[in-house]
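Remarks on the structure that follows.
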Amino acid sequence: MKVKKTRVFLFILLMIGVLFFYKDAIMFAIQPAQVKIDAEAAVIIDEDTGEILFAKNKQMKLYPASTTKLLTALVALDKSTMDEQVIVGEEVYLSVDQEARAGLFEGQALTVEELLAAMLLQSGNDAARSLAVYIAQKELGEQRSPDEAIHYFSQLMNEKAQEIGATHSHFTNPHGLHDPNHYSTAGDMALIAKEARHHVEIDQIVSQEKIATESHTYMNRNQLLNSASPYFYDGATGLKTGFTDQAGYCLASSAERHGRKLVAVVLNSGKETVWSDSISLLDYGFEK
Numbered sequence: 010m011k012v013k014k015t016r017v018f019l020f021i022l023l024m025i026g027v028l029f030f031y032k033d034a035i036m037f038a039i040q041p042a043q044v045k046i047d048a049e050a051a052v053i054i055d056e057d058t059g060e061i062l063f064a065k066n067k068q069m070k071l072y073p074a075s076t077t078k079l080l081t082a083l084v085a086l087d088k089s090t091m092d093e094q095v096i097v098g099e100e101v102y103l104s105v106d107q108e109a110r111a112g113l114f115e116g117q118a119l120t121v122e123e124l125l126a127a128m129l130l131q132s133g134n135d136a137a138r139s140l141a142v143y144i145a146q147k148e149l150g151e152q153r154s155p156d157e158a159i160h161y162f163s164q165l166m167n168e169k170a171q172e173i174g175a176t177h178s179h180f181t182n183p184h185g186l187h188d189p190n191h192y193s194t195a196g197d198m199a200l201i202a203k204e205a206r207h208h209v210e211i212d213q214i215v216s217q218e219k220i221a222t223e224s225h226t227y228m229n230r231n232q233l234l235n236s237a238s239p240y241f242y243d244g245a246t247g248l249k250t251g252f253t254d255q256a257g258y259c260l261a262s263s264a265e266r267h268g269r270k271l272v273a274v275v276l277n278s279g280k281e282t283v284w285s286d287s288i289s290l291l292d293y294g295f296e297k
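In this text, residue positions in the sequence shown follow our numbering: the first is 10, and each later residue adds one.
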């Protein structure tokens, strides 16, 4: 009996030793697998706490493309209400070839809400310009040329970015078309996206597959919200796509599961990997 007790005691000591020496490996095994990201920069944060759950090149200066429009929407909502009427002006003639448009025309009357839908779902650069010109002229109290008004609105964008804490960014336009001086970081865009998620007016737009107005139906370009897409993501709630040749494919995305809310940003990814990168980030965040 004494020999048996001794063997049991020695076995227990052996197991304690194994657990001690291999505790790191055991803890690693029960943690979520490290996420593989093809994008040049990426970050995922907890929307409620702001905790960074994963980051890759978080503060690398890159071009945000149309994810810029989240900041445009924030400034517009700071300076107007959803039911204010905007008359589209000469800014529609500032369009460039092959840019994303919502089909606006000079003299068209739209509400701020309709312009936000055209900008955030259809990614219309024309809608972004019209919002910028309207807000700038309203703030200045006088008519300005479209270029002057957009320049002033860009100053408001930079002020808002600083207020949010996006201090590694600089914006020169409301739409995100390439400009060497128009840049941000994955970390900064996550802060901007997080702030956008806290505005119900934006949330109610970017979470929809499509929005129909009297004159147009705006389709959401975010495949995470497209129920017919192979990239549809259960629990996705937004936010904004982006692409230029210089920026690559970008996405600020958000999702909610079991009461937990996440915001992810991917900058300079590929045409398909922008979706798989974002899904990988969100999966990682929910597993963590």
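Even glycine gets a Cβ: it sits at the ideal position worked out from N, Cα and C.
These figures come from a predicted structure and were not determined experimentally.
Under the three-state DSSP convention, the category residue 128 falls into: helix
Residue 95: first and last residue of the uninterrupted alpha helix (DSSP H) it sits in: Run containing residue 95: none in the alpha helix (DSSP H); it sits in the beta strand (DSSP E), 94–96.
Chain-order list of residues whose beta-carbon lies under 6 Å from that of residue 197 (same chain, five-residue window excluded): 175, 177, 178
Residue closest to residue 290, alpha-carbon to alpha-carbon, out of 233, 193, 254: 233
Residues bridged to residue 179 [DSSP beta-bridge criterion]: 192
Start and end residues, beta strand (DSSP E) containing residue 269: 269–278
N- and C-terminal bounds of the alpha helix (DSSP H) containing residue 48: Run containing residue 48: none; DSSP gives neither H nor E here.
Sufficient close CB pairs (3 or more, under 8 Å) joining the region 148–155 to the region 116–132: no
Among 113, 241, 261, 161, the one whose alpha carbon lies nearest that of residue 201: 261
Neighbourhood of residue 119 by C-beta distance below 6 Å, restricted to the same chain and skipping five residues each side: 95
Opposing strand residues paired with residue 252 [DSSP bridges]: 258
Option nearest residue 269 by Cα separation, candidates 47, 59, 48, 75: 59
Per-residue DSSP class, three states only, for residue 222: coil
Residues that residue 71 bridges to, as DSSP identifies them: 193
N-terminal and C-terminal residue of the beta strand (DSSP E) that residue 114 is part of: Note, residue 114: premise wrong, no beta strand (DSSP E); not H, not E.
Among 276, 87, 221, 168, nearest to residue 208 - alpha-carbon criterion: 87
Distance, residue 133 Cα to residue 3 Cα: This structure cannot speak to residue 3, because the chain is shown only from 10 to 297.
Helix, strand or coil at residue 286 according to DSSP, with G and I counted as helix: helix
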